[in-house]
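Student: The sequence shown maps to residues -22 to -1, 1 to 348 in mature numbering (1 follows the signal peptide of the UniProt record, and there is no 0). Every residue gets a Cβ at the ideal spot worked out from N, C-alpha and C, and that includes glycine. Dumping the structure here so I can ask a few things about it.
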Amino acid sequence: MTKTRMLCATALLAFSALGASAQILIGQTAGMTGSVAASVNETIGGAQLVIDAANAQGGIHGEKIEVLRMDDGFDVKRASENARVLIEDKKVLALFMSRGTPHSQAIIPWLDKYDVALIGPSTGAMALHKPLQKHVFNVRATYQREAEKAVQHLLTIGLTRIAVVYVTDSFGSDALEGAMTGFAKGNAKPTVTIPADRDKPDYKAIVPAIKDANAQAVVWIGSGVAVVDGIKALRAAGSAAQVVTLSNNASSGFIKQLGDASKGVIVTQVFPNERSLGQPMVKEALALAQAKGQAELSPAALEGFASAKVLVEALRRAGPKPTRARMVAALESLRGYDLGGGLEVSYSPTDHSGIDFADLSIISDGRFKR
C-alpha cells in the first residue's frame, strides 16, 4: 500500500467513527496531494468556512454536515474508485468539489448509476455543461470563457505573437477551444500551439518552440506544478514573454511555488476580487476566515466558499432527512440564488451551468491584483 493510500485509508477510518453521529454525509474526492494540492486544499479551506458556520448554528434542519474526503492524488482512476467507495460503501448523500476535468468525467457513471448529485466540481470543463450532465451542478464559469477572455486581452493590448501551450487531456482540449474562439473573434491566429503531456511535460521541447516562434505572450493551459515548472524553464531560457494561465492555478500556493518567477504572470479568475470588501460574498467569507485567525482569502478559497454556499442552500431546500433524489430535485429548482452582490446561481432540468463570471488578475508583490 502506498503512503498516499495509507493516508486515505486512515482518513476514512477516522471519518467512519464520526459518521455514526453525523446526520448528513457529503463525499469529496480530489488531489489533496500531488500536483494540484495547493489549490485543492485552499478550496477545501474556503468550503469549510461555510460548512462550519452552518454546523455552528445547529446544522441544516437540525442535522450536522460531515464531509468525507478521499485523496485521489490527481489520478483519474483513483478519482473514479474513490467515488465508488463514497457512493456505494459510505452512502454519501451527494459528492462535492471534485478536481480535474477527466477526473470529474470519470465520476459521472457512478453519479448516474445511483442518482447522486455532484455539486461545484472545481473545473470549468464545457463537457460538464454541454451536453447536460443530469447529476453535475456547476458553480463556476467555464474554461472556454476564461481562455477566450485571456486571448482577447492580449490582442487588445497589442500582443499579437501569442503561443498556446496546452495539456494533452480533456481539460487542455476544452480550454484550447476557448482560446481559439478568442483568436477568431480578434481575426488572429496563434503563432504556435504546443501540446504538453499532463504527467511529464517536455520543457526541453516546449520552451525552444516558444522562443523560436518569437512569442510575445504565452497562454499556458495546464495544472499546478506543471505550469510552475514551465514558467521557470521559460524564464531560465531568457524569455520575457507575458504568461497567462487559467483559474485552476489561482491559489496562493501557485504564487509561492513560482517564487521570483511569479511577477507579472496573469491568472484568469472566476470570482470577484478576494479583497473587495464592498462585495457581499467576499465580505462574508473574509469575516468567517478572520474569526478563525486567517488574515486573508485566496481566489481558490473563494471558489470553495461559493460552492459550499450552493451545497448548504440545496440541503436546506431538500428538507429534513434528505434523499439523493430530493437533493437533485432541490438543485434543479434553484432559481436566482444570490451568492452575494448579484452573483446568481440558477439551475433547471435543462441547465446546470451556474454563474458566468470571468476576470483577469496579475501577480505582483506575491499577491493577485486586479
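Would you mind sorting glutamate 274 into buried or exposed? The rule is 16 or more other CB atoms within 10 Å of its CB.
Tutor: In the sequence shown, the residue the question calls residue 274 occupies position 296. Classification of glutamate 274: exposed, given that the 10 Å Cβ count is below 16.
Student: If you follow the beta strand (DSSP E) that phenylalanine 74 is in, where does it begin and where does it stop?
Tutor: Position 96 of the sequence shown, counted from the start, is the residue given in the question as residue 74. Run containing phenylalanine 74: 72 to 74, per the beta strand (DSSP E) assignment.
Student: Just the Cα atoms here: how many angstroms apart are proline 179 and glycine 200?
Tutor: Locating residue 179 in the sequence shown gives position 201, counting from the first residue. Locating residue 200 in the sequence shown gives position 222, counting from the first residue. Near 10 Å, if we compare the C-alpha coordinates of glycine 200 and proline 179.
Student: Have a look at the DSSP bridge pairing and note the partners of valine 114.
Tutor: For the purposes of this step, residue 114 is identified with residue 136 of the sequence shown, where counting begins at 1. Answer by DSSP bridge pairing, in chain order: Leu96.
Student: State the CB to CB distance for the pair proline 277 and glutamine 247, rounded to an integer number of angstroms; the pair is presumed to be in contact (CB under 8 Å).
Tutor: Here residue 277 refers to the residue found at position 299 of the sequence shown. Here residue 247 refers to the residue found at position 269 of the sequence shown. Yes, proline 277 and glutamine 247 are in contact; Cβ-Cβ is about 5 Å, under 8 Å.
Student: Within 10 angstroms of its Cβ, does arginine 118 collect 16 or more other Cβ (buried), or is it exposed?
Tutor: Working through the sequence shown from its first residue, we reach residue 118 at position 140. By the 10 Å Cβ count, arginine 118 comes out buried.
Student: Does the distance from the CB of glycine 98 to the CB of glutamine 122 come in under 7 Å?
Tutor: Residue 98 sits at position 120 when you count from the first residue of the sequence shown. Residue 122 sits at position 144 when you count from the first residue of the sequence shown. No, they are not a contact pair.
Student: Are glutamate 124 and leucine 224 closer than 7 Å when you measure CB to CB?
Tutor: Within the sequence shown, residue 124 is the residue found at index 146, counting from 1. Within the sequence shown, residue 224 is the residue found at index 246, counting from 1. Cβ distance < 7 Å, so glutamate 124 and leucine 224 count as in contact.
Student: Using CA atoms only, rank isn't needed, just tell me which of Ile38, Met10, Ile209 and Asp30 is closest to alanine 296.
Tutor: By 1-based counting over the sequence shown, the position of residue 296 is 318. Checked all of Ile38, Met10, Ile209 and Asp30; the closest Cα to alanine 296 is Ile38.
Student: So, phenylalanine 74 versus isoleucine 4, is the Cβ gap smaller than 7 Å?
Tutor: Reading the sequence shown from its first residue, position 96 is the one you call residue 74. Reading the sequence shown from its first residue, position 26 is the one you call residue 4. In this structure, isoleucine 4 lies closer than 7 Å to phenylalanine 74 by Cβ.
Student: Could you say if the region 281 to 289 and the region 25 to 45 meet the contact criterion of at least three C-beta pairs nearer than 8 Å?
Tutor: They touch, by the three-pair rule.
Student: Go ahead and pull the three-state DSSP assignment for glutamate 262.
Tutor: Here residue 262 refers to the residue found at position 284 when the sequence shown is read from its first residue. The answer is helix: DSSP assigns glutamate 262 an H, G or I state.
Student: From the DSSP output, in three-state form, read off methionine 305 for me.
Tutor: Here residue 305 is taken as the residue at index 327 of the sequence shown, counted from 1. Helix, per DSSP.
Student: According to DSSP, simplified to helix, strand and coil, what is alanine -9?
Tutor: Here the question's residue -9 lines up with position 14 in the sequence shown. Because the pLDDT of alanine -9 is 45, which lies under 50, any placement of that residue in the model is unreliable, and the number read from its coordinates should be weighed accordingly. In the structure shown, alanine -9 sits in a helix (DSSP, three-state: H, G or I).
Student: Just mark aspartate 343 as buried or exposed, buried being the case when its beta carbon has 16 or more other beta carbons within 10 Å.
Tutor: Counted from its first residue, the sequence shown places residue 343 at position 365. Classification of aspartate 343: exposed, given that the 10 Å Cβ count is below 16.
Student: If we count the other Cβ atoms within 10 Å of its Cβ and call it buried at 16 or more, is asparagine 192 buried or exposed?
Tutor: Sequence index remark: in the sequence shown, residue 192 carries index 214 (1-based). Counting Cβ neighbours within 10 Å, asparagine 192 comes out exposed, since fewer than 16 surround it.
Student: Of all the alpha helix (DSSP H) runs that stay within the bounds of the region 209 to 245, which reach a length of 4 or more residues?
Tutor: 230 to 236, all fully within the region 209 to 245.
Student: Under a three-way DSSP split, which group does residue 372 fall into?
Tutor: Absent from the structure is residue 372, since the part of the chain shown begins at -22 and ends at 348.
Student: Does DSSP put glutamate 44 in a helix, a strand or coil?
Tutor: For the purposes of this step, residue 44 is identified with residue 66 of the sequence shown, where counting begins at 1. Three-state result, glutamate 44: strand.
Student: Beta strand (DSSP E) containing isoleucine 4: first to last residue?
Tutor: Locating residue 4 in the sequence shown gives position 26, counting from the first residue. Counting along the chain, the beta strand (DSSP E) containing isoleucine 4 begins and ends at 2 to 8.
Student: Measuring straight from C-alpha to C-alpha, what distance separates glutamine 111 and arginine 304?
Tutor: Working through the sequence shown from its first residue, we reach residue 111 at position 133. Working through the sequence shown from its first residue, we reach residue 304 at position 326. Their backbone Cα atoms lie some 17 Å apart in a straight line.
Student: Over the uninterrupted alpha helix (DSSP H) stretch that includes leucine 132, give me the two end residues.
Tutor: Sequence index remark: in the sequence shown, residue 132 carries index 154 (1-based). 121 to 134 is the span of the alpha helix (DSSP H), which, as asked, contains leucine 132.
Student: Apart from the five residues just before and just after leucine 167, which ones in its own chain have a Cβ nearer than 7 Å to its Cβ?
Tutor: Against the sequence shown, residue 167 aligns to sequence position 189. The question names leucine, but residue 167 is lysine in the sequence shown. The answer, listed in chain order, is Phe161.
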